[in-house]
Amino acid sequence: MVETVDNEISILKQVNHAHIIHLEAVYNSAAMIYLVTELCKGGDLKQLLQQKKSFTEDETRKIIFSLADAVVYLHQRNIVHRDLKLENILLKNSSNEGDDRFDIKVADFGLSVKTGGVEIGNIMTEACGTLSYMAPEMMSGRGYSQWCDVWSIGVIMFMLLCGEPPFVSQTQRGLLKEIMNKVRFTQPAWASVSGAAKWVLTYLLKVDPAYRMTARQLLETPWIAGEHTVPSGPNNVLEMIDQLLENNKNENRSYPGTEAVKDWSLVSAEETPESSLDHSCWSGADLGPEAVTERLKKAHNRKSAHSSLTQQDCRPPLRSALLE
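Plus 8 on top of the position in the sequence shown (first one is 1) and you've got our numbering.
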């Protein structure tokens, strides 16, 4: 318990963001440690969801924008929250204060960790957090990185829009089986939700983290900007290369260099920093096939250079290994 509190204090002293709870002071007594934070009068998102049953799409957009902005800030500093959930998102103001009622503050950093980045040597294996918000790669025990927070954002967004979690089971194995069926929009509430919002959810809740949207990419989606258009084309570099290779196969063509990488599935998002997955990845307009190939070849070669990491350790795609 003391270690968890000390960890939270350490993390909170390193951050300063409009949507992250601010630590004002710390006091120690013989038996207790007291954390003084800024006042949040509106309770937490779980309490508000129980009152409202669901949020409108515009309300959800405001919340998810603020949450994603906070997570981008954390990930830029190599901080992974690891326990994002409705109960850990506080509301600065009470529900009768107009538009300001959705001024959120991410809280409870007891399980958070500061890593050395997304390189292979910094992959985490300890399962922690709340099961219904836990990313499948964390449950599998095969290693995870900051993309686990993005999965949690997807679960939160899903629950805000329809009032229910996307996957339900009392056991970890049962939950993994549900996740294998992919996210579905069967509740009546989804009839009034735009296709753009559903598109975002499908990419936040990708089983394989290599294909999952990053927090920064979430901020760049048309949906966050208030548009209801569904983006066309691949979401990230890995999907671009999949589509490229499929097109090459159909047209009996090849690009120079692609033959050097025998298994593209071994290239994961953990080797592709957010800074390299910039806005051009949405359409591929500024990133030609040779540039994409070279970028992913470098990622693959870096992974191969780690003698302690074998192909058996990776065994992507993750989906095929989760239930072993």
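C-beta: ideal position from N, C-alpha, C; glycine also. Quantities reported herein were computed from a predicted structural model and do not represent experimental measurements.
(message) Relative to the C-alpha of Asn96, which candidate in Thr179, Phe166, Asp216 and Cys48 has its C-alpha closest?
(response) On the sequence shown, residue 96 is found 88 positions in, with the first residue counted as 1. Cα-wise, what sits closest to Asn96 is Cys48.
(message) So Gly137 and Thr12 are supposed to be a Cβ contact under 8 Å. How far apart are they, rounded?
(response) Within the sequence shown, residue 137 is the residue found at index 129, counting from 1. Within the sequence shown, residue 12 is the residue found at index 4, counting from 1. Not quite, the Cβ-Cβ distance comes to about 13 Å (not below 8 Å), so this is no contact.
(request) Counting only runs of 4+ residues fully inside the segment 70 to 143, write out the alpha helix (DSSP H) ranges in chain order. (result) none
(request) Report the rounded CA-to-CA distance for Pro173 versus Asp91, giving the unit in angstroms. (result) Your numbering for residue 173 matches position 165 in the sequence shown. Your numbering for residue 91 matches position 83 in the sequence shown. Looking at the two C-alpha atoms, the distance is approximately 15 Å.
(request) Could you tell me whether the Cβ atoms of Glu32 and Val44 are closer together than 8 Å? (result) As a first step, residue 32 is located in the sequence shown; it is residue number 24 there, counting from the start. As a first step, residue 44 is located in the sequence shown; it is residue number 36 there, counting from the start. Yes.
(message) Quick test of your reading: Leu183 and Leu139, contact by CB under 8 Å. State the CB separation rounded to the nearest angstrom.
(response) For the purposes of this step, residue 183 is taken as the residue at position 175 of the sequence shown. For the purposes of this step, residue 139 is taken as the residue at position 131 of the sequence shown. Indeed they touch by this definition, with Cβ atoms about 6 Å apart.
(message) For Val34, report the span of its alpha helix (DSSP H) as first-last.
(response) Translated into the one-based positions of the sequence shown, residue 34 becomes position 26. No alpha helix (DSSP H) contains Val34, which is instead part of the beta strand (DSSP E) from Leu31 to Asn36.
(request) Give the secondary structure of Asp216 by DSSP, where H, G and I count as helix, E and B as strand, and everything else as coil. (result) The sequence position of residue 216 within the sequence shown is 208, counting from 1. The answer is coil: DSSP assigns Asp216 none of H, G, I, E or B.
(request) Return the CA-CA distance between Arg150 and Leu98, expressed in angstroms with no decimal places. (result) Locating residue 150 in the sequence shown gives position 142, where the first residue counts as 1. Locating residue 98 in the sequence shown gives position 90, where the first residue counts as 1. Straight-line Cα distance between these residues: approximately 32 Å.
(request) Just the C-alpha distance for His25 and Leu82, rounded to the nearest angstrom, thanks. (result) For the purposes of this step, residue 25 is taken as the residue at position 17 of the sequence shown. For the purposes of this step, residue 82 is taken as the residue at position 74 of the sequence shown. Whole-angstrom Cα-Cα distance: 9 Å.
(message) If you reduce the DSSP assignment to three classes, tell me which class Thr210 lands in.
(response) Residue mapping note: residue 210 aligns to position 202 of the sequence shown, counting from 1. Correct three-state label for Thr210: helix.
(request) From the DSSP output, in three-state form, read off Leu227 for me. (result) The residue you call residue 227 lines up with position 219 of the sequence shown. Reduced to three states, the DSSP call for Leu227 is helix.
(request) Kindly indicate which residue of Asp111, Ile41 and Thr64 has the alpha-carbon position closest to the one of Leu75. (result) Start at 1 with the first residue of the sequence shown, and residue 75 comes out as number 67. Ranking the options by Cα distance to Leu75, first place goes to Asp111.
(message) I believe Ala205 touches Glu65 by the beta-carbon criterion, under 8 Å. Please report the beta-carbon distance rounded to the nearest angstrom.
(response) As a working mapping, residue 205 is identified with position 197 in the sequence shown. As a working mapping, residue 65 is identified with position 57 in the sequence shown. Taking a contact as a CB-CB distance under 8 Å, the pair Ala205 and Glu65 counts as one, their CB atoms being some 6 Å apart.
(request) Identify the continuous beta strand (DSSP E) that holds Thr45 and give its terminal residues. (result) Counted from its first residue, the sequence shown places residue 45 at position 37. Thr45 -> beta strand (DSSP E) spans Ile41 to Thr45.
(request) Going by DSSP, name the residue or residues bridged to Asp157. (result) Taking the sequence shown and counting its residues from 1, one reaches residue 157 at position 149. DSSP output for Asp157 lists no bridge partner at all.
(request) Out of Asn189, Ile161, Gln180 and Met188, point me to the one whose CA is closest to Phe73's CA. (result) Stepping through the sequence shown from its first residue, residue 73 is reached at position 65. Answer by Cα proximity: Ile161.
(message) Considering Cα atoms alone, identify which of Val238, Ile29, Ile19 and Trp207 is closest to Asn101.
(response) What you label residue 101 is simply residue 93 of the sequence shown in a count that begins at 1. It is Ile29.
(message) For Thr237 and Phe166, I'd like the C-alpha separation in whole angstroms.
(response) Against the sequence shown, residue 237 aligns to sequence position 229. Against the sequence shown, residue 166 aligns to sequence position 158. If you take the alpha carbons of Thr237 and Phe166, they lie about 19 Å apart.
(request) Look up Asp52 in the DSSP assignment and give the residues it is bridged to. (result) Mapped onto the sequence shown, residue 52 falls at position 44. Its beta-bridge partners are Leu98.
(request) Just the C-alpha distance for Lys113 and Val79, rounded to the nearest angstrom, thanks. (result) Position 105 of the sequence shown, counted from the first residue, corresponds to residue 113. Position 71 of the sequence shown, counted from the first residue, corresponds to residue 79. Roughly 11 Å separates the two Cα atoms.
(message) Buried or exposed for Thr40, going by 16 or more other Cβ atoms inside 10 Å?
(response) Along the sequence shown, read from residue 1 onward, the residue named residue 40 stands at position 32. One detail in the question is off: residue 40 reads as Met in this sequence, not Thr. Looking at its Cβ environment, which holds fewer than 16 other Cβ atoms inside 10 Å, Met40 is exposed.
(request) Counting only the same chain and skipping the five closest in sequence on each side, list residues whose C-beta sits under 6 Å from that of Gly203. (result) Taking the sequence shown and counting its residues from 1, one reaches residue 203 at position 195. Closer than 6 Å at the Cβ level, and outside the excluded window around Gly203, lie Val238.
(request) Alpha carbon to alpha carbon, how far is Ser62 from Tyr141? Give it in angstroms, no decimals. (result) Within the sequence shown, the letter at position 133 stands for residue 141. Within the sequence shown, the letter at position 54 stands for residue 62. Approximately 18 Å, taken between the alpha carbons.
(message) In this structure, how does DSSP classify Ile187 when only helix, strand and coil are distinguished?
(response) Numbered from its first residue, the sequence shown carries residue 187 at position 179. DSSP places Ile187 in helix when its eight states are reduced to three.
(message) Buried or exposed for Asp157, going by 16 or more other Cβ atoms inside 10 Å?
(response) Counting from 1 along the sequence shown, the entry for residue 157 is found at position 149. With 16 or more Cβ atoms within 10 Å of its Cβ, Asp157 is classed as buried.
(request) Compute the Euclidean distance between the alpha carbons of Ser148 and Pro217, then round it to the nearest angstrom. (result) For the purposes of this step, residue 148 is identified with residue 140 of the sequence shown, where counting begins at 1. For the purposes of this step, residue 217 is identified with residue 209 of the sequence shown, where counting begins at 1. Each residue's Cα considered, the two are about 12 Å apart.
(message) Only counting the same chain, and skipping five residues up and downstream in sequence, which positions put a Cβ closer than 6 Å to that of Glu16?
(response) For the purposes of this step, residue 16 is identified with residue 8 of the sequence shown, where counting begins at 1. Hits under 6 Å: Phe117 and Gly118.
(message) Here's the rule I'm using: 16 or more other beta-carbon atoms within 10 Å means buried, otherwise exposed. How should Asn52 be labelled?
(response) Position 44 of the sequence shown holds residue 52. First, the residue type needs correcting, since residue 52 is Asp and not Asn in the sequence shown. Buried.
(message) Spatial neighbours of Tyr35 within its chain, please: C-beta separation below 6 Å, excluding the five flanking residues on both sides.
(response) Along the sequence shown, one-based indexing puts residue 35 at 27. The residues are Tyr42.
(message) Measuring straight from C-alpha to C-alpha, what distance separates Gly234 and Gln225?
(response) Numbered from 1 along the sequence shown, position 226 holds the residue referred to as residue 234. Numbered from 1 along the sequence shown, position 217 holds the residue referred to as residue 225. Taking the straight line joining both Cα atoms gives about 15 Å.
(request) Taking only the alpha-carbon atoms, compute the straight-line gap between Lys122 and Leu20 and give it to the nearest angstrom. (result) Position 114 of the sequence shown, counting from 1, holds the residue named residue 122. Position 12 of the sequence shown, counting from 1, holds the residue named residue 20. Answer to the nearest angstrom: the Cα atoms are 11 Å apart.
(message) Against chain D, does Leu168 count as a neighbour if the rule is that its beta carbon must be under 8 Å from one of theirs?
(response) In the structure shown, chain D does not exist; there is a single protein chain.
(message) Taking only three categories from DSSP, how would you classify Glu232?
(response) The residue given as residue 232 occupies position 224 in the sequence shown. The sequence given here has Ile at residue 232, not Glu. In this structure, Ile232 counts as coil in the three-state DSSP scheme.
(request) Can you say whether Gln154 is buried or exposed, counting buried as having 16 or more other CB atoms within 10 angstroms of its CB? (result) As a first step, residue 154 is located in the sequence shown; it is residue number 146 there, counting from the start. Classification of Gln154: buried, given that the 10 Å Cβ count is 16 or more.
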